[in-house]
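Written out below as structure tokens is the structure these notes cover.
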Amino acid sequence: MWELFSTFFRIGLFTIGGGYAMIPLIEAKVVDEKQWIGREELLDLIAVAQSCPGIFAINIGIFIGYKLRGKRGAFVTTLGTALPSFLIILAIALLFRQFQDNIYVERIFRGIRPAVVALIAAPVFKMAQMAKINRYNIWIPVVATVLIWLMGFSPIYVILIAGIGGYLYGQIKEDKL
Amino acid sequence: MISLFFLLFWTFFQIGLFGFGGGYAMISMIQGEVVGHYHWMTTSQFTDIVAISQMTPGPIGINSATYVGYTALTNAGHAWYWGVLGSAVATLAVVLPSFILMILISRFLMAYKHHPTVEHVFSGLRPAVVGLLAAASLCLMTPENFSTPSANPWQFWISVALFLFAFVSTKVYKMNPIRVILLCGLAGLLVM
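Respectively, the protein sequence lines represent chains A and B. Going by our numbering, the first sequence opens with residue 5, and the numbers climb by one from there. Going by our numbering, the second sequence opens with residue 2, and the numbers climb by one from there.
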């Protein structure tokens, strides 16, 4: 149990820049070093974790913890993965308040904000490739963008509608066959 | 204050439940609820959270839940220890749906992954997630983050240049995002 916790604590601590960055780390720790799961199992697991809602890193941790030690194992890996970020961000939140009105900090963040917007924009095209966007379904991301950006729709509803729409489309297609 | 805790929990529970497509898609949802719907913080404050989440280790979803939980409470005028509790509530809430779902799904989804119904649902979800990402970046292109040509032309054009630099360096040259953020922070300190 302690091994599970410390392994995922380390994974949570060294994951910088999102879930995909942690795949090599998990591979090295969980597959090569501890041999908790096989390499092919990890690939399947990545596909499942991606298609499930929630945080990628947490999802993977839950799956491995559950597989090895049941619900308790899943609890331990969740705690291990989440704890480092929780503590670090809390420390920053407590301190940042005192600095954010400082003129130098404000200037630094004036430079950083446009960069953050670009960092979010950059993966759009890669995601479009992965989602197999073509001329028949390009209207879906376009409509989703307009609904959220110009009409102020909540992304949560957009996701719900898209899932239900996909389901209904499948039903209609099957009826025709 | 109790209602704020309840709303935080409910909001982040929904975000955890419907957060398909990784950290950036989640950011779009968090922004929609936290800035757009509940006005718990300004767009600038939210962008700062994303920047800090990028620079610190850990999943972006956890990072932003922790930070939003704290900021929502303290922005509403409550003491820092209530902020800490807000962090805990938001973080727990964002993880809880995954915890329940992944345990159920790790039993079932492997068997039904190629079931037509599951595939159809995802054929609708995946393109929508792309739209979510595009909307997230468009929603953040505000005067608060970029200034305007009339209000402060110097800051506006520098912001546009930094945006283009960050976009090209990560997209084309695959530069590490942390390095991009650090460089743009340095540029802001020197020229803005």
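Glycine included, each C-beta is placed from N, C-alpha and C at the ideal position.
inquiry  = Can you give me the C-alpha to C-alpha distance between B/S124 and B/M103, rounded to a whole angstrom?
reply    = 20 angstroms
query = Just to confirm, are A/I92 and B/I182 a CB contact at a threshold of 8 angstroms?
reply = no
request  = Using a Cβ-Cβ cut-off of less than 9 angstroms, give me the residues of the segment 142-154 of chain A that come near chain B, in sequence order.
outcome  = I142, W143, I144, P145, V146, V147, A148, T149, V150, L151, I152, W153, L154
key: Straight-line gap, B/K172 to B/S29 (C-alpha atoms, nearest Å)   = 20 angstroms
Neighbour flag for A/F13 against chain B, beta carbons, 8 angstroms = no
key: Span separating the alpha-carbon of B/N177 from that of B/Q55   = 11 angstroms
task = Check whether the Cβ of B/P58 lies closer than 8 angstroms to any Cβ atom in chain A.
result = yes
ask   = Considering only the beta carbon of each residue, do B/G194 and A/F113 sit closer than 8 angstroms?
value = Outside the shown range of chain B, which is 2 to 193, sits residue 194 of chain B, and nothing can be said about it.
key: A/L164 versus B/G20 - alpha carbon distance   = 11 angstroms
query = Where do the N-terminal and C-terminal ends of the alpha helix (DSSP H) with A/P57 fall, by residue?
reply = First-last for A/P57: undefined, no H or E at that position.
ask   = So is A/F113 in contact with chain B if we call contact Cβ pairs under 8 angstroms?
value = yes
query = Are the C-beta of A/K33 and some C-beta of chain B separated by less than 8 angstroms?
reply = no
query = Are the beta-carbon atoms belonging to A/I64 and A/T82 less than 8 angstroms from one another?
reply = no
message = Among the candidates B/F6, B/F100, B/A162, whose CA atom is the shortest distance from the CA of A/A53?
response = B/F100
inquiry  = Assuming A/L94 and B/S88 are in contact, meaning their beta carbons sit under 8 angstroms apart, how far apart are those beta carbons, in whole angstroms?
reply    = 6 angstroms
ask   = DSSP on B/P60, reduced to helix/strand/coil?
value = coil
query = Does A/V128 have its Cβ less than 8 angstroms from a Cβ in chain B?
reply = yes
inquiry  = Please list, in chain order, the chain B residues whose beta carbon lies closer than 8 angstroms to that of A/M94.
reply    = The amino acid occupying residue 94 of chain A in the given sequence is Leu; Met does not appear at that position. The contacting residues are T67, Y71, V85, S88.
query = Quick one, are the C-beta atoms of B/A129 and A/P145 less than 8 angstroms apart?
reply = yes
request  = Could you say if the segment 123-142 of chain A and the segment 145-152 of chain B meet the contact criterion of at least three C-beta pairs nearer than 8 angstroms?
outcome  = no
task = Please work out which residues of its chain come closer than 6 angstroms, Cβ to Cβ, to B/Y71, disregarding the five sequence neighbours upstream and downstream, and give them in chain order.
result = G84, G87, S88
query = Is the segment 116-123 of chain B touching the segment 137-151 of chain A in the sense that three or more CB pairs, one from each, lie closer than 8 angstroms?
reply = no
ask   = Does the Cβ of B/G78 have 16 or more other Cβ atoms within 10 Å, making it buried, or fewer, making it exposed?
value = exposed
For A/L47, the nearest candidate out of A/A122, A/L154, A/E31, A/I59 (CA to CA) = A/E31
task = Note down, in chain order, all residues in the segment 61-93 of chain A with a beta-carbon under 8 angstroms from any beta-carbon belonging to chain B.
result = A61, I62, N63, I66, F67, Y70, K71, K75, A78, F79, T82, T85, A86, P88, S89, F90, I92, I93
key: Cβ of A/L98 within 8 angstroms of any chain B Cβ   = yes
request  = Measuring alpha carbon to alpha carbon, tell me which of B/T48, B/M2, B/H38 ends up nearest B/L74.
outcome  = B/M2
Through-space distance from A/I68 to A/K75, alpha-carbon basis = 10 angstroms
query = Quick one: complete alpha helix (DSSP H) runs, 4+ long, within the segment 148-172 of chain A?
reply = none
N-terminal and C-terminal residue of the alpha helix (DSSP H) that B/T118 is part of = 117-140
ask   = Among residues of its own chain, excluding the 5 on either side of B/P58, which ones have a beta-carbon nearer than 8 angstroms to its beta-carbon?
value = none
key: Interface flag, A/I50 vs chain B, CB-CB below 8 angstroms   = no
ask   = For a contact meaning CB atoms closer than 9 angstroms, what does A/Y171 contact in chain B?
value = T118, H121, V122, G125
Selected residue, minimal CA-CA separation from A/I107, among B/F7, B/L191, B/I16, B/L5 = B/L191
message = Give me the chain B residues within the contact set of A/Y108, using Cβ-Cβ distance strictly less than 8 angstroms, ordered along the chain.
response = L190
ask   = Does any residue of chain A bring its CB to less than 8 angstroms from the CB of B/F21?
value = yes
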